[in-house]
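Residue numbers (the numbering used here): -9 to 133. Everything below concerns the one structure shown next.
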Amino acid sequence: MNKTDKNNNIIIIGLSDMSVFILESLVSSNRNYNITLIYDKNEQDKNNISLNKFSNIINLKSESLLNTYTFNSNENSNNILTICATNDFKLNILFSALIKSSENSDNIFCYVNNSQYHDLFKKEDIVIFNPWNLPKNLSSFWK
């Protein structure tokens, strides 16, 4: 899939039950999104998650998330939605902050499965969410 205009591009960073749930929801919505999933191959192997059903539908980028070029490029500047949803909430917080510092986006979502950090960011900058509290402005992308 090629990048088009800002109205279609979505990036999901990380491979977790939550990112797969969001990915499946976006794909099932039948909206014309250009979705890119950036994940660490070690995450996929460790969690035994198959991405075969998505291979012809979305862009899959397997790379070391800690050394990824994504945060050093303008790749995130053309997205309507960016979701950081690895299984490591500290990485999600770090990635969200890095992305926010490199672009001006209202739709950065950070998956944090730890209530201690729910007020870490101003809500209008980066939205922190958990499995029991999906924000309406996130679910509106597939409903």
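Backbone N, C-alpha and C fix where the C-beta goes; we use that ideal spot for every residue, glycine too.
Between the Cα of residue i and the Cα atoms of the options, which residue gives the shortest distance?
{"i": "M207", "options": "N77, T72, L27", "result": "Nothing can be reported for residue 207: it is not among the residues displayed for the chain, which extend from -9 to 133."}
{"i": "D35", "options": "F79, N20, L81, E53", "result": "E53"}
{"i": "I118", "options": "K31, I47, F99", "result": "F99"}
{"i": "F135", "options": "L5, N127, N82", "result": "The requested residue 135 is not part of the displayed model; the chain covers only -9 to 133."}
{"i": "V102", "options": "N123, S129, S19, S92", "result": "N123"}
{"i": "L41", "options": "L81, V17, N22", "result": "V17"}
{"i": "F79", "options": "N(-3), S15, P121", "result": "P121"}
Provide the residue(s) that pair with residue i in DSSP beta bridges, ordered along the chain.
{"i": "K51", "result": "I28"}
{"i": "I1", "result": "T26, T72"}
For residue i, which residues in the same chain have their Cβ closer than 8 Å to its Cβ, ignoring the five residues on either side in sequence?
{"i": "T(-6)", "result": "A caution first: T(-6) carries a pLDDT of 47, below 50, which makes its placement in the model too unreliable to give a value."}
Residues in the same chain with beta-carbon distance under 7 Å from residue i, minus the five sequence neighbours each way, listed in chain order, please.
{"i": "L71", "result": "I0, N97, F131"}
{"i": "K90", "result": "I98, D115, I116"}
{"i": "S15", "result": "W132"}
So residue i and residue j are supposed to be a Cβ contact under 8 Å. How far apart are they, rounded?
{"i": "A75", "j": "I12", "result": "7 Å"}
{"i": "I2", "j": "I73", "result": "5 Å"}
With a CB to CB cut of under 6 Å and the five nearest residues on each side skipped, what residues in its chain are close to residue i?
{"i": "S19", "result": "W132"}
{"i": "M(-9)", "result": "Confidence is the limiting factor: at M(-9) the pLDDT is only 42, short of 50, which leaves the residue's position unreliable and the question unanswerable from this model."}
{"i": "L128", "result": "F99"}
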